[in-house]
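K.L.:
Under the working numbering, residues 68 to 253 are what the sequence shown spells out, in order.
Backbone N, C-alpha and C define an ideal beta-carbon position, used for all residues, glycine too.
Quick caveat: nothing in here was measured; it's all calculated off a predicted structure.
Sharing a structure, written as structure tokens. Questions coming.
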Amino acid sequence: MYKSSSQTFIFKYIHPFFIIFGGLFGIYALYNFGGQGGSGFIKAFCIAYLWTFIFLIQVPFRLKSLEADVDGVKIISRNTKELIKYKNIEYISKFDLAAPWFTTIKYKDDISNLSKKIAFIPSPKDQVIFKEDNLSSYIKANMKLHVPHYHDSMHPSTFKNMGRLFLLATPVIGLMLYFMKDIFFQ
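Structure follows, in structure tokens:
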């Protein structure tokens, strides 16, 4: 049996608190104590905070503790265990360059017949850039056994995910640099 990381609790319940209140405190402190010369930096900080907030606020809602065995992937919540059969998994997608590494599983729910996404954190010793963790490898190996039309191209490319992030981040970084021009060009 393979399990997701025990870090799940921290990143589901504690980490969002620090993202929200830490960023707001940082904005407050910069605005009140940063002085007039730092107004461009304050705007750049606000943009960076908003960019981070948009991506990281999704994490607590999708993040689950998982166990995988021969029957399927079990989502472990307080009192129940929901089973996702391997034949219902559409893909597994790992997003590198985030710490810790979050892996997303997209699957079709048997009851509602809708596609759903959940995320898990692999074991810290398995978190290597551009390398699959043991839990994802185990799930993919079982998908090969249970899904007749399975092939590796069903899963989104890690390189494409990273490329999309860089493309989306380019205007944000440009806007931040624009607001910080008074710091660079004095």
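Taking the C-alpha atoms as reference points, what is the distance between S29 and S224?
P.N.:
Residue 29 cannot be examined here, being either before or after the span of the chain that is shown, 68 to 253.
K.L.:
Taking the DSSP output, what are the residues bridged to K148?
P.N.:
Bridge partners of K148: I143.
K.L.:
Between the C-alpha atoms of K38 and S204, what's the straight-line distance to the nearest angstrom?
P.N.:
A query on residue 38 cannot be resolved here, the shown segment of the chain reaching from 68 to 253 and no further.
K.L.:
Reducing DSSP to helix, strand and coil, say where Y217 ends up.
P.N.:
Y217: coil per DSSP, three-state reduction.
K.L.:
Please classify L202 as buried or exposed, where buried requires at least 16 other C-beta atoms within 10 Å of its C-beta.
P.N.:
Flag for L202 reads buried.
K.L.:
Can you tell me where the beta strand (DSSP E) holding Y158 begins and where it ends?
P.N.:
Start and end: 156-162.
K.L.:
Pairs of beta-carbons, one from the stretch 209-216 and one from the stretch 77-87, closer than 8 Å: are there three or more?
P.N.:
The stretch 209-216, when compared against the stretch 77-87, does not touch it at the 8 Å Cβ threshold.
K.L.:
Please report the distance separating the alpha-carbon of K184 from that of L91.
P.N.:
Roughly 29 Å separates the two Cα atoms.
K.L.:
Expressed to the nearest angstrom, what Euclidean distance is found between the alpha-carbon atoms of N209 and F233?
P.N.:
Rounded to the nearest angstrom, the two C-alpha atoms are 33 Å apart.
K.L.:
CB E199 to CB K173, shorter than 8 Å?
P.N.:
Taking 8 Å as the Cβ cut-off, E199 and K173 do not qualify as a contacting pair.
K.L.:
Do you know how far the Cα of F187 is from the Cα of L244?
P.N.:
About 34 Å.
K.L.:
Which of helix, strand or coil does DSSP assign to K79?
P.N.:
Correct three-state label for K79: helix.
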